[in-house]
Amino acid sequence: MPSFLDRLAPRPTGSQIELQAESIAVSIRWFGLVVGAVVANSAGADPLPLNIILLLGLAYTVLDTAFFLRGRVFLRDLPLGVSALEALFITLLCYFEHGLDSPFRFYYLLSLVCGAVRHPPRVPLITCGLNCLGYSTLLFFVPVAPNDWRVMAFTLVVLLWVTAAAVALARLLKRAAAELAAGKEQLETRIAERTQELEESQAQVLHQEKMAAFGLLAAGIAHEVGNPLTSISAVVQMLDRRDLDGYTREKLTLVTGQLARIQTILRELVTFSRPATHERGRVSAREVVDEALSIAKYYRGGKSRTITADVPADLPPLPGVRDQLVQVVFNLVLNAIDATGKGGRIDVTATANDGHVELAVADDGAGIPADVRPRLFRPYFTTKPHGTGLGLFVIRRIVEAHGGRVAVESAPGAGTTFRVTLPAAVPRADALGYDRRPLRGEDGELPFAAERPAAVAQGVSPGTQ
Ligand code: ADP
27 MPSFLDRLAP
37 RPTGSQIELQ
47 AESIAVSIRW
57 FGLVVGAVVA
67 NSAGADPLPL
77 NIILLLGLAY
87 TVLDTAFFLR
97 GRVFLRDLPL
107 GVSALEALFI
117 TLLCYFEHGL
127 DSPFRFYYLL
137 SLVCGAVRHP
147 PRVPLITCGL
157 NCLGYSTLLF
167 FVPVAPNDWR
177 VMAFTLVVLL
187 WVTAAAVALA
197 RLLKRAAAEL
207 AAGKEQLETR
217 IAERTQELEE
227 SQAQVLHQEK
237 MAAFGLLAAG
247 IAHEVGNPLT
257 SISAVVQMLD
267 RRDLDGYTRE
277 KLTLVTGQLA
287 RIQTILRELV
297 TFSRPATHER
307 GRVSAREVVD
317 EALSIAKYYR
327 GGKSRTITAD
337 VPADLPPLPG
347 VRDQLVQVVF
357 NLVLNAIDAT
367 GKGGRIDVTA
377 TANDGHVELA
387 VADDGAGIPA
397 DVRPRLFRPY
407 FTTKPHGTGL
417 GLFVIRRIVE
427 AHGGRVAVES
437 APGAGTTFRV
447 TLPAAVPRAD
457 ALGYDRRPLR
467 GEDGELPFAA
477 ERPAAVAQGV
487 SPGTQ
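Counting from 1, position 328 in the sequence shown corresponds to residue 354 in my numbering; the numbering is continuous, with no gaps.
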């Protein structure tokens, strides 16, 4: 419920325009008071009643000004009451100062202009009626000289004339202000859109740079480690050909096994860090998941989580850029590793449904609080001390560029599932509706699903490498 103060002097509901109109009205009032004081105290009439009326006017103007300076409009919701009060005051001023030809009769014009700049046309029109009525009642209370009829007729015509002009002018000004405000709003919206686009492309570039730097680093490490590894392998092979005792041979077999493991890791690093291609093709979901997991398992903490993959072999291929799709799964799995503790579980699954393939990455980690969820995909949004906040943003961009969508379900404390739904490649069918050609990829290779044995459940838990 509005307080007494809010009712007495409400804040403007419109734009700054309303306050600016009020500032014009306040200036007009002060001008009227100063000129009124001069007229009242220099004319032949008794100045006492005139000064009392002007003092009441002064009190009103002081209140009006004080509220205006606090961003409020005094008696804003009572415009007709204010008009009636002004009509009464001006009529009294005229009554005590010469009657029908009093210079105070011009104050009716000021009152009209104030009403027109501040209120809808209805208010100045009624104010004009009240002023005409007030002025006309003087006929009954003051002596009327023959010339007064002319003065009165002229004053009434001027009142009507000024009312029409002020209403038209105020309407024009208000329309211009509304158009300006609409233009400003449009401009602000466009600036906000452009700023967001700019921020997003900056974020994309930053992420690409980060991935390129990572690739360069990985390739460098692979190269630096690869050379000594080749020498060690050669020495081990040389030793292996010698006549060795049982103990040494057993240890050498162990070393050979570990060397092979390091070589696999390096191969995976090199595969992952090769320059990204933007070539579109028919991509196997299984291959995408395999590649993403092969590298994600080396991420900090990756080995102390149980990561499983269940990607059926007969999934339709995905039309798109392979490296980008790998990046999507890779980022989702890294986030899942971050969200889970030691011994946490991460399940990567893929299913085909209604012309789409859904890739889901589910974890039993910390979950996402409800207040964080709306901000997840914004660039630079992160809750991690060393996060970049670009992972999910880039994921959404890639997925949308592939005609898909990303959804997230999360229960704080119980885990999170990200679901990426991508359109599957249209089967190469002829007009009769069945495919006569062998199932081959864009490059003539058999699609991955046809090459490999059926679904693998890849357990990447400690010691499974
Ligand atoms: P970053 O990983 O650098 O923080 P992302 O865009 O990948 O950037 O993630 C943004 C935020 O989303 C993370 O900081 C985290 O708060 C939240 N988030 C993403 N994935 C998960 C998840 N699986 N579980 C809980 N929170 C997550």
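Note that the Cβ used here is the ideal one computed from N, Cα and C, for glycine as well. As the structure is a computational prediction, the values presented were derived from the model and not from experiment.
Give me the residue from I43, I79 and V60 with the minimum Cα distance to F94. It is I43 whose Cα lies nearest to the Cα of F94.
Could you give the DSSP three-state label for V452: helix, strand or coil? coil
Any heavy atom of the ligand ADP closer than 7 Å to the CB of V446? no
Quick one: what's R431 bridged to in DSSP? T447
Can G391 be considered in contact with the ligand ADP, in the sense that its beta carbon sits closer than 7 Å to one or more heavy atoms? yes
Inter-stretch contact (C-beta, 8 Å, three-pair minimum) for the segment 238-249 and the segment 413-420: no
Taking DSSP as the reference, what is the three-state secondary structure of L224? helix
Distance between beta carbons of L138 and I79, contact taken as under 8 Å: That pair is no contact at about 19 Å.
I need the DSSP call for H145, collapsed to helix, strand or coil. coil
When the Cβ atoms of the segment 382-402 are set against those of the segment 444-452, are three or more pairs found closer than 8 Å? yes
When burial is assigned at 16 or more other CB atoms within 10 Å of the CB, is G189 buried or exposed? For the record, residue 189 in the displayed sequence is Thr; it is not Gly. Looking at its Cβ environment, which holds 16 or more other Cβ atoms inside 10 Å, T189 is buried.
Buried or exposed (CB count within 10 angstroms, at least 16 for buried), F122: buried
Could you give the residue range of the alpha helix (DSSP H) that holds L74? P73 to L95
V347 bridges to which residues according to DSSP? Bridge partners of V347: R306.
Contacting residues, own chain, Cβ-Cβ under 8 Å from I217 (five flanking each side not counted): none
Answer yes or no: do A128 and C120 have a C-beta to C-beta separation smaller than 8 Å? Just to set this straight, residue 128 is Ser in the shown sequence, not Ala. Cβ distance < 8 Å, so S128 and C120 count as in contact.
Spell out a yes or no on whether the segment 68-75 and the segment 130-137 are touching, meaning 3 or more CB-CB pairs, one atom from each, closer than 8 Å. no
Looking at the ligand ADP, does it come within less than 7 Å of G97, judged from the CB to the closest heavy atom? no
I want to check one thing, is the minimum distance from the CB of I394 to the heavy atoms of the ligand ADP below 7 Å? yes
R399 to P343, Cα distance in whole Å? In this structure, the CA atom of R399 is about 31 Å from the CA atom of P343.
What's the call for P172, buried or exposed, on a 16-neighbour Cβ count within 10 Å? If you draw a 10 Å sphere on the C-beta of P172, you find fewer than 16 other C-beta atoms in it, and that means exposed.
Expressed to the nearest angstrom, what Euclidean distance is found between the alpha-carbon atoms of L164 and N157? Near 11 Å, if we compare the C-alpha coordinates of N157 and L164.
Three-pair Cβ contact test at 8 Å for the segment 250-262 versus the segment 221-231: no
Hey, could you find the ends of the beta strand (DSSP E) L111 is sitting in? Where L111 is concerned, there is no enclosing beta strand (DSSP E), although the alpha helix (DSSP H) it sits in stretches over P105 to F122.
May I ask whether a heavy atom of the ligand ADP can be found less than 7 Å away from the beta carbon of F419? yes
Answer yes or no: the CB of T409 versus the heavy atoms of the ligand ADP, is any distance below 7 Å? yes
With a cut-off of 8 Å, do at least 3 Cβ pairs link the segment 302-316 to the segment 349-361? yes
Enclosing alpha helix (DSSP H) for N379 [first to last residue]: Unbroken run through N379 is the beta strand (DSSP E), R371 to N379; no alpha helix (DSSP H).
Quick check on DSSP: helix, strand or coil for V398? V398: coil per DSSP, three-state reduction.
What are the start and end residues of the alpha helix (DSSP H) that includes L385? From DSSP, L385 is part of no alpha helix (DSSP H) but of the beta strand (DSSP E) over H382 to D389.
Simplified DSSP assignment, three categories, for V271: Going by the sequence as given, residue 271 is Asp instead of Val. In this structure, D271 counts as coil in the three-state DSSP scheme.
Would the beta-carbon of L106 fall within 8 Å of that of V61? no
D32 (DSSP reduced to helix, strand or coil): helix
Inter-residue Cα distance where the pair is L502 and L341: Because residue 502 is not part of the residues shown, which for the chain are 27 to 491, the question remains open.
Would the beta-carbon of L416 be found less than 7 Å away from any heavy atom of the ligand ADP? Answer for L416: yes, Cβ within range of the ligand ADP.
Out of S29, V420, D32 and A51, state which residue places its alpha-carbon closest to the alpha-carbon of K236. V420
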